[in-house]
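At position 150 of the sequence shown (counting the first as 1) the number is 206 in our numbering, and the numbers step up by one without a gap. Just so you know, even glycine gets a beta-carbon here, dropped at the ideal spot from N, CA and C. A quick note: this is a predicted structure, and the numbers were derived from the prediction, not measured. What follows is a set of notes on a single structure, which appears directly below.
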Amino acid sequence: MAKLTFHGHSCFLLETDDGTRILFDPWLDENPVADVKADDVGAVDFILVSHGHSDHFADCVKVAKRTGATVVSTYELVSFTQEQGVEKGHGMNIGGAFAFPFGKVKLTPALHTGSIAGDKDGTHTTDCAGFLLTLNGGTRLYHAGDTALIMDMQLLAGQVDVALLPIGDNFTMGPEDAVRAVGFIQPKVVVPMHYDTFDLIKQDPEAFRASVGGQAKVEIMKPGQTLTV
Ligand code: NI
Ligand code: MN
Numbered sequence: 057m058a059k060l061t062f063h064g065h066s067c068f069l070l071e072t073d074d075g076t077r078i079l080f081d082p083w084l085d086e087n088p089v090a091d092v093k094a095d096d097v098g099a100v101d102f103i104l105v106s107h108g109h110s111d112h113f114a115d116c117v118k119v120a121k122r123t124g125a126t127v128v129s130t131y132e133l134v135s136f137t138q139e140q141g142v143e144k145g146h147g148m149n150i151g152g153a154f155a156f157p158f159g160k161v162k163l164t165p166a167l168h169t170g171s172i173a174g175d176k177d178g179t180h181t182t183d184c185a186g187f188l189l190t191l192n193g194g195t196r197l198y199h200a201g202d203t204a205l206i207m208d209m210q211l212l213a214g215q216v217d218v219a220l221l222p223i224g225d226n227f228t229m230g231p232e233d234a235v236r237a238v239g240f241i242q243p244k245v246v247v248p249m250h251y252d253t254f255d256l257i258k259q260d261p262e263a264f265r266a267s268v269g270g271q272a273k274v275e276i277m278k279p280g281q282t283l284t285v
């Protein structure tokens, strides 16, 4: 079984059966709810970045340089990290999948605006993505990134065991649309994310759980908490 640890907002660390450590959307040092700083997150083998907004990308370059991790994201964002001195990157694009040593990663559509924090010329402006992972151990995990509710989520039906979905509203889909997303995706487990980090995205995760009802098990994770998936 893989271990999924929440570090606040949209940042998760996934440790696979074979010990591969995968960090999603690293925003730690300035993240008001993070339980660790970027320097304390330990060894990281891969960093998966959904898009370049600072609340998903801020500590990517720092962690990649410290750990030697491979950055996996859209081609443009990976190119930007390499200009910043990151050695290992794997650029992809939406709809494409690649078999990494720990399992398969597919970039999924996310409907959201795109820019890269720190890209002063805007030459790397990029679209946003989510990730569908099929781990060698069998677990299928979907990190939606920042997104609106989109019909494309229907294509994920039957392909996801654990779905990490934003519920914060304002910048992403809110709880009502996230409940509809659960209906589209039909995962076994849902973990709400991208809420309660700051006032603008305050939500009641218990109310979300009640609205999901019997469609899926809702795991409400506190920063620092680990879930076996
Ligand atoms: Ni964003
Ligand atoms: Mn965001």
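In this structure the segment 256–268 does not lie against the segment 71–88, because fewer than three pairs of beta carbons, one per stretch, are closer than 8 Å. Counting only runs of 3+ residues, the beta strand (DSSP E) found wholly inside the segment 193–217 occupies 196–199, in chain order. If you ignore the 5 residues before and after Q210, its C-beta comes within less than 6 Å of the C-beta of F240, all in its own chain and listed in chain order. Closer than 8 Å to some heavy atom of the ligand MN: that does not describe the Cβ of D183. I241: member of the alpha helix (DSSP H) spanning P231 to I241, first to last residue. Around the ligand MN, the residues whose beta-carbon falls short of 6 Å from at least one of its heavy atoms are H109, D111, H112, D202, F227 and H250, given in chain order.
By the neighbour-count definition (other C-beta atoms within 10 Å, threshold 16), F154 is an exposed residue.
Annotation: F264 is outside any beta strand (DSSP E); the continuous alpha helix (DSSP H) that includes it extends over P261 to V268. Per the coordinates, the alpha-carbon of H65 lies some 4 Å from the alpha-carbon of H250. Here A204 has L167 and M229 as same chain residues with Cβ atoms under 6 Å from its own Cβ, once five neighbours each way along the sequence are excluded.
For the 9 Å CB-CB criterion, G174 and Q138 do not form a contact.
In summary, T126 is buried, with 16 or more beta-carbon neighbours lying within 10 Å of its beta-carbon over all protein chains present. Not a single heavy atom of the ligand NI lies less than 8 Å from the C-beta of H63. Residue pairing from DSSP places M148 in a beta bridge opposite T130. Counting the other CB atoms within 10 Å of its CB gives M148 a total of 16 or more, which places it among the buried residues. Separation of D208 and P165 (C-alpha to C-alpha, rounded to the nearest whole angstrom) is 7 Å. Here T123 carries a helix assignment [DSSP, helix/strand/coil]. Remark: C-beta atoms of I150 and D202 do not approach each other more closely than 9 Å. For F102, there is no enclosing alpha helix (DSSP H); the enclosing beta strand (DSSP E) covers residues F102 to L104.
Here I276 is exposed, its C-beta having fewer than 16 other C-beta atoms within 10 Å. Within 10 angstroms of the beta-carbon of D252 lie 16 or more other beta-carbons, which makes it buried.
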